[in-house]
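So the sequence lines, in the order shown, correspond to chains A and B.
Using my numbering, the letters of the first sequence map in sequence onto residues 1 to 478.
Using my numbering, the letters of the second sequence map in sequence onto residues 479 to 578.
Structure, as structure tokens:
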Amino acid sequence: MNDVSQFSAGISVLEITYILASVLFILGLKMLSHPLTARRGNTLAAAGMIMAIVATILFHSKDGEKIGNIGWILIAIAIGTAIGWVIAKKVKMTAMPQLVSFFNGMGGAAAALISIMEFPHVSSELIARTGMANGHVLAILLGLVIGSVSWAGSMIAFGKLDGRIGDMRVKAMKFVNLTILAGIVVFVAYIMTRDVQASAELMPLIIILFVISVAYGVLFVMPIGGADMPVVISLLNSFTGVAAAMGGFLYSNQAMLTGGILVGSAGTILTVLMCRAMNRSLLNVIVGVFGGGGQAAVNAAGSIREISVPDAAVLLSYSKKVVIVPGYGLAVAQAQHICHELDKLLEEKGVEVKYAIHPVAGRMPGHMNVLLAEADVPYEQLIESDEINPDLPNTDVLVVIGANDVVNPAAEDDPSSPIYGMPIVKARDARNVIVMKRGMGKGYAAIENMLFFNDKTRMLFGDAKSTLQALVNEVKAL
Amino acid sequence: MEGFFEYFMANRGIIYMVILSVFLGIEVISHVPAILHTPLMSGANAIHGVVIIGAIIVMGHADTTGAMILGFLAVILGTLNVVGGFVVTDRMLEMFKKKK
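Pasting the structure below:
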């Protein structure tokens, strides 16, 4: 409470380092939001983090007692670094979204553990003076609740993106979740109004609070559809930020506070921006049980026409302008390289090939840019959907590879559709449309796509990679 | 209630800072292009790994075996968040860099 009284050179160095680290975090975030400086921004923030960690180990002291167990701390850091490094380096680019979610969960879990360990150590003098109802206890409990929700939610999001967990869509879920949330609030109030000598007596209650929070985290993410996962991850990301900031309150630690709060607020704004890119409100994402229904589903009585690989090859080779719309299917099939091979072949034949990049195509905003950049597709060929739309009426063939919702005309035609109003790639404006798809499954929004029934559309069923390979062979043979 | 007033008075400097940081966070991010949403999220994800400092502090003052084990775990998890977060972000941004 009175940090000035423990003045020493070490403490000063520590606090100065924390200020520097905070500045580096802010600069890092700022630079991360511009394409040219992004990578340096990330390095800068990492440097700030290392400084803060080293300074904490060397100079932190509590009641005049320096950090102990340093050997064990270093071992733990070494283990964490080794595992984190290997996972982060080895995992395929397509699995990036779930990876972010996974690491986010780890942070949340760490915050929850800190709260669990700090709770029994609330000073008895403070409790004697104010009872359990004080800011210190509140920070601990909030850190526990938010951290646990973030951890459990992130793990579910990870499982969903990794295809291990399916969606669970029950209408009653909303009310169950709201009830649990209210229950958590009441329980926190209950703990804070207990009349005890020492906080350690309340440990069983803390464990119960932890369990309820974890359950809430699971149930909160379960009903949310796969397409909305990026938004959820971003939201959970800001939760973990807030949980970290609670730790900052506990220890009056400036670095934890600035880092945590910055991520908390920036993460929230980022979440809102992502929602806006899909033209939906955050509330709609969280509470709205997505999918099903819509008038289009009823009207989808048209017929579907297929196209053979040789026909598709001919159509493509003798076009002037081809636009490719990549989606998650391309990512799943790892077909970005073969796709680029096809576009190079076509370009050699004098066909102009462009990629229409929808901001939320794939599982994360920017997913397609990352993927195609990996396959060395030049930047100039990647065009944002808004920019390419006016050009589509002059496009001979538009090839949709594993994308669905981002080309669904229901977003323009059908006010009852859950994606109504979302900006799309106006695929049906092109002269011909080829849709590569594994089957007639629906997109992540789980709604029917009228584009597939359009007169201009031909379907090419199969795994994106093998279909593209077949196309490449066919085009070569022409 | 008194507990909260006391806490507020003792920490008002920090509370000011938190409020300003909220606005700063919003300001810093608000003009980011859609392409950078993912890397930015990932970078922010790494930054809240500061929670590791808290883990180090608890671990550094742990006195029972139980606290040691939990603290050890917390430090590992925090490190995973930090290292994994920054490395993944760097990997993503590396791909953007290949501008020709």
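The beta carbon of each residue, even a glycine, is placed where N, CA and C say it ideally should be.
Model, not experiment: these values are computed from the prediction.
Element boundaries [beta strand (DSSP E), containing residue i]
i        : result
A:Thr457 : Thr457 to Phe461
A:Leu262 : That residue, A:Leu262, is in no beta strand (DSSP E); its alpha helix (DSSP H) goes Gln254 to Ala277.
A:Leu398 : Val397 to Ile401
A:Ala352 : As written in the sequence, residue 352 of chain A is Glu, which differs from the Ala given in the question. Segment Glu352 to Ile357, the beta strand (DSSP E) holding A:Glu352.
Proximal residues of chain A, C-beta to C-beta of residue i below 8 angstroms
i        : result
B:Thr557 : Ala76, Ile77, Ile79, Gly80, Thr81 and Gly84
Residues that residue i contacts on chain B, provided the C-beta gap is smaller than 9 angstroms
i        : result
A:Leu158 : Sequence inspection shows Phe at residue 158 of chain A; the Leu mentioned does not correspond to that position. Correct list: empty, because the minimum Cβ distance to chain B is about 12 angstroms.
A:His60  : Ile531, Ile534, Ile535 and Gly538
A:Phe103 : Ser520, Asn523, Ala524, Gly527, Leu558, Asn559, Val560, Val561, Gly562, Gly563 and Val566
A:Met155 : Here the premise fails: no neighbours, minimum Cβ distance about 12 angstroms.
A:Leu99  : Ser520, Gly562 and Val566
A:Asn253 : Val528, Ile531, Gly532 and Ile535
A:His136 : Gly481 and Tyr485
A:Glu65  : Gly538 and His539
Beta-carbon neighbours of residue i, restricted to chain B and to distances below 8 angstroms
i        : result
A:Asn69  : Met537, Gly538, Ala540, Met546 and Gly549
A:Leu257 : Ile492, Met495, Val496 and Ser499
A:Leu29  : Gly503, Val506, Ile507, Leu518, Gly521, Ala522 and Ile525
A:Pro35  : Pro511, Ile513, Leu514 and Phe574
A:Phe249 : Asn489 and Ile492
A:Ala411 : Ordered by position in chain B, no residue passes the 8 angstroms Cβ test against A:Ala411, which lies about 17 angstroms from the chain.
A:Ile116 : Leu548
A:Glu387 : Within chain B, no residue comes near A:Glu387; the closest Cβ sits about 12 angstroms away, beyond 8 angstroms.
A:Thr94  : Those within 8 angstroms of A:Thr94 in chain B number zero; the least Cβ separation is about 12 angstroms.
A:Lys89  : Val565 and Arg569
The alpha helix (DSSP H) enclosing residue i, as first and last residue numbers
i        : result
A:Pro204 : Met203 to Val221
A:Leu382 : Counting along the chain, A:Leu382 falls outside any alpha helix (DSSP H), though it belongs to the beta strand (DSSP E) covering Leu382 to Glu384.
A:Tyr328 : Tyr328 to Val332
A:Val433 : Unbroken run through A:Val433 is the beta strand (DSSP E), Asn432 to Lys437; no alpha helix (DSSP H).
A:Met49  : Ala38 to Phe59
A:Ile419 : Note, A:Ile419: premise wrong, no alpha helix (DSSP H); not H, not E.
A:Pro310 : Val309 to Ser317
A:Asp343 : Gln336 to Glu348
A:Glu125 : Ser124 to Thr130
B:Phe486 : Glu480 to Ala488
B:Asn523 : His515 to Ile525
A:Gly84  : Ile70 to Lys90
A:Ser12  : Ala9 to Leu32
B:Ile534 : Val529 to Gly538
A:Leu471 : Ala464 to Ala477
Supposed close pair residue i, residue j - CB separation, criterion 8 angstroms
i        : j        : result
A:Ala430 : A:Val397 : 7 angstroms
B:Gly556 : A:Ala110 : 4 angstroms
A:Trp72  : B:Met519 : Their Cβ separation, rounded to whole angstroms, is 32 angstroms, which puts A:Trp72 and B:Met519 out of contact at 8 angstroms.
A:Gly108 : A:Gly147 : 5 angstroms
A:His340 : A:Ala375 : 4 angstroms
A:Ala312 : A:Ile434 : 6 angstroms
B:His579 : A:Thr240 : The question about residue 579 of chain B has no answer here: the residues shown for chain B are numbered 479 through 578.
A:Ala152 : A:Val214 : 4 angstroms
A:Ala133 : A:Thr193 : 6 angstroms
A:Leu141 : A:Val188 : 5 angstroms
B:Val553 : A:Ala21  : That belief does not hold up - the Cβ atoms of B:Val553 and A:Ala21 are roughly 18 angstroms apart, past 8 angstroms.
Beta-carbon neighbours of residue i, restricted to chain B and to distances below 7 angstroms
i        : result
A:Val221 : Correct list: empty, because the minimum Cβ distance to chain B is about 16 angstroms.
A:Ile261 : Val496, Ser499, Val500 and Gly503
A:Glu374 : Met573
A:Ser234 : Met519
A:Ile73  : Ile534, Met537, Gly538 and Val553
A:Thr193 : Within 7 angstroms Cβ-Cβ: nothing; A:Thr193 doesn't reach chain B, min ~11 angstroms.
A:Thr130 : Glu480, Gly481 and Glu484
A:Gly267 : Ala522
A:Phe25  : Ile525
Under 8 angstroms by beta carbon: chain D residues contacting residue i
i        : result
A:Ala133 : Within the model displayed, chain D is absent; protein chains A and B are what it includes.
Open item on the list: Across the segment 554-571 of chain B and the segment 62-82 of chain A, are there enough close Cβ pairs to call them in contact, namely three or more that are closer than 8 angstroms?
Closed with: yes
Open item on the list: Counting beta carbon pairs with one atom in the segment 91-103 of chain A and one in the segment 149-166 of chain A, are three or more of them shorter than 8 angstroms?
Closed with: yes
Task: Short-range partners of chain A found in the segment 482-501 of chain B, where Cβ spacing is below 8 angstroms - done: Phe482, Glu484, Tyr485, Phe486, Ala488, Asn489, Ile492, Met495, Val496, Ser499, Val500 and Phe501
TODO: Could you say if the segment 236-252 of chain A and the segment 167-183 of chain A meet the contact criterion of at least three C-beta pairs nearer than 8 angstroms?
DONE: no
- [ ] With 7 angstroms as the limit, tell me which residues of the segment 347-369 of chain A have their beta carbon closer than that to any beta carbon of chain B; keep them in chain order.
- [x] Pro359, Met364, Pro365, Gly366, His367 and Asn369
- [ ] Below 8 angstroms between beta carbons is the criterion; list the residues of the segment 302-336 of chain A that meet it against any residue of chain B, in chain order.
- [x] none
Task: Cβ-based contacts, 8 angstroms cut-off: residues of the segment 270-285 of chain A near chain B - done: Leu270, Leu273, Met274 and Ala277
TODO: Determine contact between the segment 205-216 of chain A and the segment 486-493 of chain B, defined as no fewer than three beta-carbon pairs at a distance below 8 angstroms.
DONE: no
TODO: Say whether the segment 25-43 of chain A touches the segment 532-545 of chain B, bearing in mind that this needs 3 or more beta-carbon pairs closer than 8 angstroms, one atom from each stretch.
DONE: no
Task: the segment 43-56 of chain A in contact with the segment 17-31 of chain A per 3-pair CB rule at 8 angstroms - done: yes
TODO: Would you check if the segment 446-464 of chain A and the segment 403-412 of chain A touch, i.e. whether three or more CB-CB distances between them fall below 8 angstroms?
DONE: yes
Open item on the list: Could you check whether the segment 379-397 of chain A touches the segment 419-426 of chain A, counting it as contact only if at least three pairs of C-beta atoms, one from each stretch, sit closer than 8 angstroms?
Closed with: yes
Task: At least 3 beta-carbon pairs within less than 8 angstroms: the segment 261-279 of chain A vs the segment 500-508 of chain B - done: yes
Task: Meets three-Cβ-pair contact criterion under 8 angstroms: the segment 334-354 of chain A and the segment 314-323 of chain A - done: yes
Task: Selection of the segment 174-199 of chain A by Cβ proximity to chain B, strictly under 9 angstroms - done: Met192
Task: Three-pair Cβ contact test at 8 angstroms for the segment 565-574 of chain B versus the segment 532-539 of chain B - done: no
Task: Cβ pair count under 8 angstroms reaching 3, the segment 119-138 of chain A against the segment 353-360 of chain A - done: no
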